[in-house]
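62 is the number of the first residue of the sequence shown in this note's numbering; add one for each residue after it. For glycine and all other residues, C-beta sits at the position ideal for the given N, C-alpha and C.
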Amino acid sequence: MSKKIGFIGLGIMGKPMALNLLAKGYEVIVNDLNKEAVQTLIDAGATAGDSAKIIGENSDVIITMLPASHHVQQVVLGDTGVLSGAKKGSVIIDMSSITPVVSKELAAIAEKQGVEMLDAPVSGGEPKAKDGTLAIMVGGKEEVFEQVKDVLYAMGAEVTLVGGNGSGTTAKLANQVIVNLNIAAMSEALVLAAKAGIDVEKMYQAIRGGLAGSAVLDAKVPLILDRNFVAGGRIDINMKDITNVMDTAHSIGVPMPLSSQLLEIFHALKIDGKAADDHGGIVQYFEKLANVEVGRV
């Protein structure tokens, strides 16, 4: 592959995504505060860059996969950030889940320096990051999207240009509302079934083929039944996303009554020490209310 890819942010999602780029034959230079994650990528064939500036200087495409808006702003705009080293004509692809406002601001600043930018957040969690089948929702110029589409398809199975800059991050906010409210509704139902004394696993098998069936149901119920809350999508990260949902919605005049309640559930779970759990752990909030635990018989 002729494109040199810089990758900044090797967390739960970023590390397997970068590994997939290597597996597809791209030359990859990586940066992360976690030296163990960096070493994993080096062992797989990547090289390390000591700063975002160095990543910018040595890459045609720079991917950021970071926790929140302020992290992306720092990495892109900082004194030793990507734009302090990026070449004209290079492309920044921010795959983090941040606000549309910040996505648009960063794209406008980058464009003034001759650097293009796409917002391209993902859905699918760690399993789909590992097997390269993420859903990727993209915002930016069509010609830039076409230029780097091959890179995105190295990490995802469904890649959609939604619209201009900020459209990808807006689509991700909508995605997070649907996913997390689905988990909450599912959790409430599981707790009802458990408290009623029926076999929750058999109930799951009975309903999964009907209208209540969903990708969320199939992904999360088996883990809940096993009491496995190892994070594929952390509660605190999803709480950040729903906070972004509320801020964005209120700024454009959209009431979000269900999402606002979900945000309070996330805050309660954080206070209860569950911030690092998978968002399937939302069930623990409802279990505490009903004094029952969902599990296998």
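Query                                                                                                              : Result
GLU88, enclosing beta strand (DSSP E) - first and last residue                                                     : 88 to 92
Three or more C-beta pairs below 8 Å linking the region 153 to 173 and the region 130 to 137                       : yes
ASN241 versus VAL183: straight-line alpha-carbon distance, rounded                                                 : 15 Å
Residue range of the alpha helix (DSSP H) that includes THR194                                                     : Premise fails: THR194 is in no alpha helix (DSSP H) and is neither H nor E.
Proximity to SER248 [Cα-Cα], best of ILE285, ILE239, SER312 and THR221                                             : ILE285
Simplified DSSP assignment, three categories, for GLY200                                                           : strand
Where HIS340 falls, given that 16 or more other Cβ within 10 Å makes a residue buried                              : buried
Runs of alpha helix (DSSP H) lying entirely within the region 113 to 154, each at least 4 residues, in chain order : 113 to 118 and 130 to 138
Three CB pairs or more closer than 8 Å across the region 257 to 274 and the region 217 to 234                      : no
Residue of ASN95, LEU80, ASP279 and ARG288 minimising C-alpha distance to SER112                                   : ASN95
Proximal residues to GLU177 (C-beta, below 6 Å), its chain only, five neighbours per side dropped                  : VAL152 and VAL205
Where the alpha helix (DSSP H) through THR230 begins and ends                                                      : 228 to 257
Exposure label - ALA254; buried when at least 16 CB within 10 Å                                                    : buried
Buried versus exposed, by CB contacts within 10 Å (16 or more), ILE352                                             : Checking the sequence shown, residue 352 turns out to be Asn, not Ile. Exposed, by the Cβ-count rule.
Inter-residue spacing [alpha-carbon to alpha-carbon] between VAL261 and LYS349                                     : 17 Å
Option in GLY110, LEU234, PRO77 and ILE332 with minimal Cα separation from ALA310                                  : LEU234
Reference ALA280, options PRO161, SER120, GLY185 and LYS64, closest by Cα                                          : GLY185
CB contact flag (GLN237, ASP302, <8 Å)                                                                             : yes
Enclosing alpha helix (DSSP H) for LYS173 [first to last residue]                                                  : 161 to 173
Residues near LYS256 by beta carbon distance below 7 Å, same chain, minus five either side                         : ALA351 and VAL353
Three-state secondary structure assigned by DSSP to ALA79                                                          : helix
Helix, strand or coil at LEU341 [DSSP, three-state]                                                                : According to the sequence shown, residue 341 is Gly rather than Leu. Helix.
Alpha-carbon spacing of LYS40 relative to LEU179, whole angstroms                                                  : Any property of residue 40 remains undetermined from this structure, which presents the chain solely from 62 to 358.
For LYS85, the three-state DSSP class (helix, strand or coil)                                                      : coil
CB contact flag (ASN226, SER164, <8 Å)                                                                             : yes
Pairwise C-alpha distance: ARG295 and ILE103                                                                       : 26 Å
Exposed unless 16 or more other CB atoms sit within 10 angstroms - verdict on ALA245                               : buried
Simplified DSSP assignment, three categories, for LYS65                                                            : strand
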